[in-house]
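Written out below as structure tokens is the structure these notes cover.
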Amino acid sequence: MAVTVSVPRAFAYGEDEPLPATTGLPDVLVAVRNQLKGRVEYVARRLGWSESTLQKKIKGDEKHVFSVRDLQLVQHVLGDIPATQFLAAAEGYVCIKVNPVQVTSLAEGMARIQMAAGELAMAAVDATGADGRVSRNGLKSVRHFEAELLGCVNAVGAFIESRVVPPPGEEQ
């Protein structure tokens, strides 16, 4: 029997490589400023902050730090997450909103994945007209079933992860 050791890439590779220059990294405050254009007063009021405090935070004033919690609050008030998507994209990730699904067995999870894949396929076929064009409603339907499928896949992964046996001597 062979032993397999898995080490995250961040710890195993590239520790001697220089980090990219900060000038090339995206500035999340620029994304937040763009998201807040014309809505600073509304967001500040909803958060219970003064408008000037919010403006100082998103300008990067040293006395007013824009924290991750502030980002979450702003995005919650606006109901959109472009700044988080911006950060994820800079690291090579994609943010997708999925509907939470819970499965109680692997068989149920696999069945849900198959049903969701079928619904997505039907939505895609229905959305694509004879001329190959897709309406806004067709796209909305496809995106809905896409999120459902991703939610099911995520649920199966979470189910499998919940069944991982801890190493001897280590409790969960």
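No gaps in the numbering here: position 41 of the sequence shown is 66 in this note's numbering, and each next residue is one more.
For every residue, glycine included, the Cβ atom is placed at its ideal position computed from N, Cα and C.
Since the model is a prediction, treat every value here as computed from it, not as a measurement.
- Distance from the Cα of VAL93 is smallest, within the candidate group ASP105, VAL53 and ALA141, for VAL53.
- In this chain, the alpha helix (DSSP H) harbouring ASN179 covers 161-187.
- For ILE83, the enclosing alpha helix (DSSP H) stretches over residues 76-84.
- For HIS101, the enclosing alpha helix (DSSP H) starts and ends at 93-103.
- With respect to ALA180, GLY134 sits close: the two C-beta atoms are nearer than 8 angstroms.
- In the displayed model, THR129 falls within coil according to three-state DSSP, outside both helix and strand.
- The Cβ-Cβ distance between CYS177 and ILE138 falls below 8 angstroms.
- Residue range 53-61 is occupied by the alpha helix (DSSP H) that includes ASN59.
- Excluding sequence positions up to five before and after VAL119, its CB lies within less than 7 angstroms of the CB of ALA113, all in the same chain and listed in chain order.
- Between ALA149 and PRO107, the C-beta gap is not smaller than 8 angstroms, which leaves the two residues out of contact.
- With distances taken between CA atoms, GLN127 lies nearest to SER187 out of PRO192, LEU72, SER187 and GLY157.
- Sixteen is the threshold: when 16 or more other Cβ atoms of the shown chains lie within 10 Å of the Cβ of ALA69, as they do, the residue is buried.
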